[in-house]
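Chains as they are written, first to last, in my numbering: chain A, 30 to 362; chain C, 30 to 362; chain B, 30 to 362; chain F, 30 to 362.
4 protein chains.
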Amino acid sequence: MIRVGVIGYGYWGPNIVRNLNSLGCAKVVTVCDRRESALARAKQAYPGVTVTQDEAEVLNSPEIDAVAVITPVWTHYDLAEQALNNGKHVFVEKPFTSTAEQGERLVELAERKGLTIMVDHTFLFTGAVRKIKQLVDEDALGQLYYYDSMRVNLGLFQHDVNVLWDLAPHDLAIMDYVIGMEAEAVVATGAGHLNGHADVAFMTIYFPNNVIAHLNVNWLSPVKVRTTLLGGEKKMLVWNDLEADEKLKIYDRGVKLQTTENVYEALVSYRSGDMWSPKVEATEALKLELGYFAECIEKGERPFNDGLAGLRVVKMLEAAEGSLKRRGEVVYA
Amino acid sequence: MIRVGVIGYGYWGPNIVRNLNSLGCAKVVTVCDRRESALARAKQAYPGVTVTQDEAEVLNSPEIDAVAVITPVWTHYDLAEQALNNGKHVFVEKPFTSTAEQGERLVELAERKGLTIMVDHTFLFTGAVRKIKQLVDEDALGQLYYYDSMRVNLGLFQHDVNVLWDLAPHDLAIMDYVIGMEAEAVVATGAGHLNGHADVAFMTIYFPNNVIAHLNVNWLSPVKVRTTLLGGEKKMLVWNDLEADEKLKIYDRGVKLQTTENVYEALVSYRSGDMWSPKVEATEALKLELGYFAECIEKGERPFNDGLAGLRVVKMLEAAEGSLKRRGEVVYA
Amino acid sequence: MIRVGVIGYGYWGPNIVRNLNSLGCAKVVTVCDRRESALARAKQAYPGVTVTQDEAEVLNSPEIDAVAVITPVWTHYDLAEQALNNGKHVFVEKPFTSTAEQGERLVELAERKGLTIMVDHTFLFTGAVRKIKQLVDEDALGQLYYYDSMRVNLGLFQHDVNVLWDLAPHDLAIMDYVIGMEAEAVVATGAGHLNGHADVAFMTIYFPNNVIAHLNVNWLSPVKVRTTLLGGEKKMLVWNDLEADEKLKIYDRGVKLQTTENVYEALVSYRSGDMWSPKVEATEALKLELGYFAECIEKGERPFNDGLAGLRVVKMLEAAEGSLKRRGEVVYA
Amino acid sequence: MIRVGVIGYGYWGPNIVRNLNSLGCAKVVTVCDRRESALARAKQAYPGVTVTQDEAEVLNSPEIDAVAVITPVWTHYDLAEQALNNGKHVFVEKPFTSTAEQGERLVELAERKGLTIMVDHTFLFTGAVRKIKQLVDEDALGQLYYYDSMRVNLGLFQHDVNVLWDLAPHDLAIMDYVIGMEAEAVVATGAGHLNGHADVAFMTIYFPNNVIAHLNVNWLSPVKVRTTLLGGEKKMLVWNDLEADEKLKIYDRGVKLQTTENVYEALVSYRSGDMWSPKVEATEALKLELGYFAECIEKGERPFNDGLAGLRVVKMLEAAEGSLKRRGEVVYA
């Protein structure tokens, strides 16, 4: 039984606690939050849990094996570092850290201590992303051409981060997982219209092998859009996460260059065939992820969404933020 | 009666001829194309028209008042220059010219000769764009925040230009018309996967007053998308050009910054109200545009889609092409 | 404080208990269900509630002011009758009763005892239906022409009733409320393919003033559809209950007969204008309904979704069932 | 070369002439219409064709092998009868005739004369319907359960027929072709709100083997809908004819009865799997149909959309009209 302390019981914390307790192999023993009202909610829902406003009670407790850090990003490094130093595994809300340097230190520390870091890239455990990953791994799409995602809606504005740090981590984690290569370079543009932070931003990520990725994130859209296009040589895919039943559509469509002797006459031929929408499993992603966290701890295995994965996402965010400030200046990895 | 010679009778030329002849105040007297098959088609459809493979017969004819140049972009400058030098008004297919320098020369030449140049920005004459322009001019949306357009589909690949020169002129002409300000700077990214030309590209245009525009153009998308978001302080708008009946949706939604004494507590408030989809007129845009061309010639008035408008679009394309080659390096106007 | 006993704690019962307890002016004191597992769930969620397998403990308790009957329809009459005879107000799950005769007896009994019956026509309390009712009452649609609803999906099959009794009560209650007239005649058709009960059924209801209503209910549809068209002389309305944001669309479209001297040349003219999608309130309908139940009891007022409303729906269901068995034979009210 | 005379050059006639002339094996020699303006249009488009206001010139001409009757339904019988009596094959616009009796006479006459009748059930030649027919013939859907079609829009009102005779023939011809059985009984309901003819109508058709079909046709709908559901034991299908690219969706979904010893506990199990959207050929249906007409004449083969097919549709319409007038009274075949 893995005994877990959860720091941060705002919007996402209750989901962490509920799912951890439902696993069977883990148990939340302490919930920590600075706000008394949050602790009252926790106590009402889980009368047996210890609550505290002092994170040291979680970080130092000999009764706790793992700490879930579900707090604002600027607190992640300190909390995770203390937890690791006290021999505890950590589960960290995304984005992993505020800077790549912090992320590197945590990765190095966990490595040295032989402890598990998992970064909460929940989307990697959804049926849709697991199916996309499977298709790419099976080479069903062929050589990848591009990954293009749009994630826009009205709000929620954050006070401490811009729209890139708020919305892009989802897509960056997914593309990191699906594409499986490290970014070569990042370009970002954007603008802020209200409180100084960018509220509209666009990000291009250059990967090896001519794979290009693009994100469109926006807090000022009148409509909610969650759509990703993934183009490959053999097949192309549309993932609309707002569809209730047909989230994934795989198109047997493609383009091929017909080489001819006369290079000026090179022809492009189109292929247009059936569309197929696989059934996507509806299991709760967070429960799967936390079960995998417990399993990695027990078996001493390194999760694929480990500190390095979190670090790769933070590096792209850091690069994007620098690029955005300098109006699209490319930032190389 | 304005007598028109049409050079180029491929895909778009027949629409130009048909609409010119339907105006009443204009008449196509000569059709020119290098391909005999094209001339045969023209002759069958319009037995009374003169056909020729030699553009000089159009450019030099004293029987012709205006020339419509409906040929590949790299031929526009030479044909238009000769026409203007021979005292003829010109209607030029978009994009206006291959380079900004060419465009500037044509604008200057027309000005000197007192002749009309119109660039075929057909979309400006659709019911949807005219309604958007009206809403912006009436300040119905309030201070503009962003213009974000997605124009993707499978093919058609061009041999001589990349996807930016093929698809972006539509959106650039529209945003130039709607936003009504000259771009400050352009950033573009993209990649080519088949024949060396970029087939996926993303473009950010910085306008004054913190207005940001973004284009997503792609020849490799399995699905066709033609959607533009336009965000303003008061209202926001979605234009889906593939909708048969409800192309425009105007949302009474917005975000407002609540200034407080403590700047760290500045609050953002959301407003969410009704949606309204105005009836959009279905008149054929090209007919309206060509009627306007005839009217501008007759009255000696300068069209809003004149050579300068065409030039502004070409400048943005030229800037984007340079930026794309240097991976997003910002190009200032 | 109204003290309520809830009989039936299956799928819907927990929602009733949760919403009653959230009102402030009511309190669930006893939960009754034949299944021990259901009672265990109730006890866990509400430690202070009394649970019992014996409905008499609810029906006879002097501590209980009102009884919510959330059980299969064939039990409604007996339970509601006993509750009324014991001086208790009743809230009855829809459909009200198995037969119109039962419904009439309950209505008469409640009248005699001066007690409140409310039938759980939850949909009448949704933002969408309240907005439709408001539009009809304001005569925004003009003279009504038709009401046409489609409510289809895959399952859930019921053992004891056919698809009409399962799905049609929603639409019948809504049309009864919105149209505000009593049906003249009913025609129903359908077929059963699995267990003897009709799983696909179609129902036409003739109202006075040439208003016609139609329902399409189906347990064997691969896709879920919840769409209602409402046509009037002035405006027409589409209600798509599966849309997250734009459930209601009101079309400024219509048809008008141009009377001419020659009756054979009577012309029909079409009007096509804007579409408007009003913001629909997202309050939980069941909470509003139960609050209204409490209010009606306290003020001694008759709810609009009273026993008579429930009875009108049951009469239409009974008529439809008879018609369906005799392949569409019309049944007059 | 089959020489064809076309009677009726209003909305549909020009499509018939254009497609016949494009076949290569047929040629329109005469066009007949009562309206001079129609003949002027025909003459302009086809200078070589003979035009006449007198149908006898078509019906009696020894230069004509086949007659296309593209006129209002009440004229079909007389024109087709004369054509057949004069030894000409006939292609008749749908619906075939105004009454079943007329249809029977024409079928009998063509049979006696050894001539071909084809009824213009164009939809049977679309890619979508041919794919549906193929799937049903291959038993891909399994035992059919139901066919449910919605065909609604605003207008166009007809002066001489009601909405059933205007819109239902499409669906009746398709279901006749796909289901491949003769209807047992028909029930129809509806109402008219403007000029006395029903403008909203609903039709149920009972087929053998418990297959039920249903049509919803409406001239007063604010939105255009063209959707058909087809449910079978193994798979279910949705055909949305307004979709540009994904007209057909085939769902691997179904319901199965689990027989148990205790009949009261019979369980229904659901199956939910992938969805598949086959590419549908985009060939012009009318050209395919007219080519098939020419082929049947040349080979002396009986088309599947022959007079008997047309007659089956007319019988269903006649039955529906009678049923509608008597408020749903079932009419047996």
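Just so you know, even glycine gets a beta-carbon here, dropped at the ideal spot from N, CA and C. From a predicted model like this one, the values you see are computed outputs, not experimental measurements.
- Task: Would you list, in chain order, the members of the segment 260-292 of chain B that have their beta-carbon closer than 7 angstroms to a beta-carbon of chain F?
- Result: So the list reads Gly260, Met265, Val267, Tyr280, Arg282, Val284, Leu286, given in the order they occur along the chain.
- Determine the direct distance from the alpha carbon of Val57(B) to that of Ile93(B), and round the result to whole angstroms. Here residue 93(B) corresponds to residue number 64 of the third sequence, with the count starting at 1. Here residue 57(B) corresponds to residue number 28 of the third sequence, with the count starting at 1. When rounded, the separation of the alpha-carbon atoms in Ile93(B) and Val57(B) is 9 angstroms.
- Near Ala349(B), what residues of its chain come up, given a Cβ to Cβ distance below 6 angstroms and the 5 sequence neighbours on each side ignored? Position 320 of the third sequence, counting from 1, holds the residue named residue 349(B). In its chain, beyond the 5 residues on either side, Leu193, Val215, Ala217, Met232 have a beta carbon closer than 6 angstroms to the beta carbon of Ala349(B).
- Task: Return no unless some Cβ of chain F is closer than 8 angstroms to the Cβ of Ala362(B).
- Result: Numbered from its first residue, the third sequence carries residue 362(B) at position 333. For Ala362(B), the nearest beta carbon of chain F is not closer than 8 angstroms to its own beta carbon.
- Spell out a yes or no on whether the segment 67-77 of chain F and the segment 34-42 of chain F are touching, meaning 3 or more CB-CB pairs, one atom from each, closer than 8 angstroms. The segment 67-77 of chain F vs the segment 34-42 of chain F: in contact.
- Note the first and the last residue of the continuous alpha helix (DSSP H) segment covering Tyr106(C). Residue numbering aside, residue 106(C) sits at position 77 when the second sequence is read from its first letter. Per DSSP, Tyr106(C) belongs to the alpha helix (DSSP H) from 105-114.
- Kindly indicate the opening and closing residues of the beta strand (DSSP E) around Trp268(C). On the second sequence, residue 268(C) is found 239 positions in, with the first residue counted as 1. Segment 265-269, the beta strand (DSSP E) holding Trp268(C).
- Item | C-beta atoms of Pro237(C) and Glu213(C) nearer than 8 angstroms | If you number the second sequence from 1, residue 237(C) lands on position 208. If you number the second sequence from 1, residue 213(C) lands on position 184. Yes, these two residues count as a Cβ contact at 8 angstroms.
- Query: Using 8 angstroms as the Cβ pair cut-off and three pairs as the minimum, do the segment 171-181 of chain C and the segment 43-61 of chain B touch?
  - Reply: In this structure the segment 171-181 of chain C does not touch the segment 43-61 of chain B; the number of beta carbon pairs closer than 8 angstroms is below three.
- Query: In the DSSP assignment, what residue or residues form a beta bridge with Phe152(A)?
  - Reply: In the first sequence, counting from the first residue as 1, residue 152(A) sits at position 123. Partner(s): none; Phe152(A) has no beta bridge.
- Message: Less than 8 angstroms between the beta carbons of Gly336(A) and Ile203(A), yes or no?
- Response: Against the first sequence, residue 336(A) aligns to sequence position 307. Against the first sequence, residue 203(A) aligns to sequence position 174. For Gly336(A) and Ile203(A), no; Cβs fall outside 8 angstroms.
- Query: What separation, rounded to the nearest whole angstrom, lies between the Cα atoms of Gly42(C) and Leu249(A)?
  - Reply: Working through the second sequence from its first residue, we reach residue 42(C) at position 13. Working through the first sequence from its first residue, we reach residue 249(A) at position 220. Straight across, the Cα-Cα distance linking Gly42(C) with Leu249(A) is about 41 angstroms.
- Item | Ser127(A) (DSSP reduced to helix, strand or coil) | Position 98 of the first sequence holds residue 127(A). Looking at Ser127(A) - three-state DSSP - the assignment turns out to be coil, as it is neither helix nor strand.
- Query: Between Ala220(F), Val60(F), Leu319(F), Gly209(F), which lies nearest to Arg356(F) when the distance is taken from Cα to Cα?
  - Reply: For the purposes of this step, residue 356(F) is identified with residue 327 of the fourth sequence, where counting begins at 1. Of the candidates Ala220(F), Val60(F), Leu319(F), Gly209(F), the one whose C-alpha sits nearest the C-alpha of Arg356(F) is Ala220(F).
- Message: Could you check whether the Cβ of Leu164(A) sits closer than 8 angstroms to any Cβ belonging to chain C?
- Response: As a first step, residue 164(A) must be located in the first sequence, where it is residue number 135. For Leu164(A), the answer is no, since every Cβ of chain C falls outside 8 angstroms of its Cβ.
- C-beta neighbour in chain A for Arg255(C), strict 8 angstroms: Here the question's residue 255(C) lines up with position 226 in the second sequence. Contacts with chain A at 8 angstroms (Cβ-Cβ) do not include Arg255(C).
- Does the beta carbon of Ala109(F) sit closer than 8 angstroms to a beta carbon anywhere in chain B? Locating residue 109(F) in the fourth sequence gives position 80, where the first residue counts as 1. Output row for Ala109(F): interface = no.
- Message: Tell me the rounded alpha-carbon separation between Glu140(A) and Gly339(A).
- Response: Walking along the first sequence from the start, residue 140(A) turns up at place 111. Walking along the first sequence from the start, residue 339(A) turns up at place 310. Between Glu140(A) and Gly339(A), the alpha-carbon positions lie close to 14 angstroms from each other.
- Message: Would the segment 107-125 of chain F count as touching the segment 278-288 of chain F if we require 3 or more Cβ pairs under 8 angstroms?
- Response: Cβ pair count under 8 angstroms is below three, so no.
- Query: Considering only C-alpha positions, which residue in the set Asp205(F), Arg255(F), Lys123(F) is nearest to Arg180(F)?
  - Reply: Taking the first residue of the fourth sequence as position 1, residue 180(F) is located at position 151. Of the candidates Asp205(F), Arg255(F), Lys123(F), the one whose C-alpha sits nearest the C-alpha of Arg180(F) is Arg255(F).
- Message: Can you tell me whether Ile45(B) is buried or exposed? The criterion is at least 16 other CB atoms within 10 Å of its CB, across all chains shown.
- Response: Numbered from its first residue, the third sequence carries residue 45(B) at position 16. By the neighbour-count criterion, in which 16 or more other beta carbons inside 10 Å mark a residue as buried, Ile45(B) falls on the buried side.
- Query: Which term fits Arg300(F), buried or exposed, when burial requires 16 or more other beta carbons within 10 angstroms of its beta carbon?
  - Reply: By one-based count along the fourth sequence, residue 300(F) stands at place 271. Exposed.
- Message: Taking a contact to mean a Cβ-Cβ separation below 8 angstroms, would you say Val252(B) touches Val309(F) in this structure?
- Response: Numbered from its first residue, the third sequence carries residue 252(B) at position 223. Numbered from its first residue, the fourth sequence carries residue 309(F) at position 280. The answer is no: Cβ separation not under 8 angstroms.
- Decide if Leu353(C) is buried, meaning its Cβ has at least 16 other Cβ atoms within 10 Å, or exposed. Taking the second sequence and counting its residues from 1, the one referred to as residue 353(C) is at position 324. Label assigned to Leu353(C): buried.
- Would you mind telling me which residues of chain A sit closer than 8 angstroms to Arg356(C), beta carbon to beta carbon, in chain order? Locating residue 356(C) in the second sequence gives position 327, counting from the first residue. Simply Ala214, Val216, Tyr235, Val359.
- Item | Coarse secondary structure for His243(F), derived from DSSP in three states | Residue numbering aside, residue 243(F) sits at position 214 when the fourth sequence is read from its first letter. Strand at His243(F).
- Query: Quick one: what's Tyr299(F) bridged to in DSSP?
  - Reply: Residue mapping note: residue 299(F) aligns to position 270 of the fourth sequence, counting from 1. For Tyr299(F), which the question treats as bridged, DSSP gives the partners Val284(F).
- So, is Leu135(F) buried or exposed, given that buried needs 16 or more other C-beta atoms within 10 angstroms? Counting from 1 along the fourth sequence, the entry for residue 135(F) is found at position 106. Using a 10 angstroms sphere on the CB of Leu135(F), the tally of other CB atoms reaches 16 or more, which defines it as buried.
- Bounding residues of the alpha helix (DSSP H) (the contiguous stretch that carries Asp200(B)): Your numbering for residue 200(B) matches position 171 in the third sequence. Element bounds for Asp200(B): 192-208.
- Task: Determine the direct distance from the alpha carbon of Val359(B) to that of Leu244(C), and round the result to whole angstroms.
- Result: Position 215 of the second sequence, counted from the start, is the residue given in the question as residue 244(C). Position 330 of the third sequence, counted from the start, is the residue given in the question as residue 359(B). Going by the C-alpha atoms only, they are around 60 angstroms apart.
- Message: Does any residue of chain C have a CB that is nearer than 8 angstroms to the CB of Gly156(B)?
- Response: Here residue 156(B) refers to the residue found at position 127 of the third sequence. Not one beta carbon of chain C lies nearer than 8 angstroms to the beta carbon of Gly156(B).
- Message: Checking 8 angstroms against the spacing of the C-beta atoms, do Glu347(A) and Thr104(A) come in under that value?
- Response: In the first sequence, the residue the question calls residue 347(A) occupies position 318. In the first sequence, the residue the question calls residue 104(A) occupies position 75. Result no, Cβ atoms of Glu347(A) and Thr104(A) do not sit closer than 8 angstroms.
- Indicate whether at least one CB of chain F lies closer than 8 angstroms to the CB of Ala220(B). Translated into positions along the third sequence, residue 220(B) becomes position 191. Yes - at least one Cβ of chain F is within 8 angstroms of the one on Ala220(B).
- Query: Name the DSSP beta bridge partners of Cys61(C), please?
  - Reply: Reading the second sequence from its first residue, position 32 is the one you call residue 61(C). Residue pairing for Cys61(C): DSSP places it in a beta bridge opposite Ile36(C), Thr81(C).
- Query: Counting contacts by CB-CB distance shorter than 8 angstroms, is Ser178(F) in contact with chain B?
  - Reply: Walking along the fourth sequence from the start, residue 178(F) turns up at place 149. So no, Ser178(F) is outside the interface.
- Go to Asn182(F), then tell me how far its beta strand (DSSP E) extends in each direction, as first and last residue. One-based indexing of the fourth sequence puts residue 182(F) at position 153. From DSSP, the beta strand (DSSP E) with Asn182(F) extends over 173-183.
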